[in-house]
Amino acid sequence: MPLVRVDMIEGKPSTFRKAIGDVIYNALRSHLNVPENDRFIIFAEHTPEEMMISPDYLGIERTQNCIIVQLTLNSGRTLEMKKAFYHAVAYGLHEQTGMRLEDVFISLVEVPKENWSFGNGEAQYA
């Protein structure tokens, strides 16, 4: 059950957000073995002043259009799965929206399964 947060500069059209959500969901299903309908994606838009992103960390030239994709998910995926996911998201966004590969920043936060409650005050995975 990944919880996905996408932070970006304000002013993008809803079609852009939908494309991002679709690309991420498809990559989750294809590369991280996420079940069907497990789609929890939150978008947050910020002013340029609120997005303090290094324009050149690790030699990667980022623009103001850089998005931050952060996933909280159960631990246990292999390095190969994670790399395939990163690739699928970056290239999928490039193909679907024209986004630059350099402007896709992804962070995974892995947690134990008992750290989730999907509702009803229960720990469904515990």
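Start counting the sequence shown at 145; every next residue gets the next number (my numbering).
Where a beta carbon is used, it is the ideal one built from N, C-alpha and C, also for glycine.
Since the structure is predicted, the reported quantities are computational estimates derived from the model, not experimental observations.
DSSP state of residue i mapped onto helix, strand, coil
| i | result |
| --- | --- |
| residue 220 | coil |
| residue 204 | coil |
| residue 242 | coil |
| residue 145 | coil |
| residue 187 | strand |
| residue 165 | helix |
| residue 193 | helix |
DSSP bridge partner residues for residue i (one or two, in chain order)
| i | result |
| --- | --- |
| residue 182 | None; residue 182 has no bridge partner. |
| residue 128 | Here the chain comprises residues numbered 145 to 270, so residue 128 is not present and cannot be evaluated. |
| residue 215 | 148 and 252 |
| residue 266 | 263 |
Beta-carbon separation (whole angstroms), residue i vs residue j, contact threshold 8 Å
| i | j | result |
| --- | --- | --- |
| residue 167 | residue 237 | 5 Å |
| residue 155 | residue 185 | Not confirmed; about 19 Å, so no contact. |
| residue 254 | residue 219 | 4 Å |
| residue 187 | residue 161 | 5 Å |
| residue 163 | residue 216 | Incorrect: roughly 22 Å between the Cβ atoms, too far for contact. |
**Study point:** Three CB pairs or more closer than 8 Å across the segment 184–201 and the segment 229–242
**Key:** No contact exists between the segment 184–201 and the segment 229–242.
Point to revise | Contact the segment 179–188 vs the segment 240–247: 3+ CB pairs below 8 Å | key: Per the Cβ contact rule, the segment 179–188 is not in contact with the segment 240–247 (fewer than 3 Cβ pairs under 8 Å).
Review point. Counting Cβ pairs closer than 8 Å, one from the segment 205–216 and one from the segment 249–257, do we hit at least three?
Key: In this structure the segment 205–216 touches the segment 249–257; the number of beta carbon pairs closer than 8 Å is three or more.
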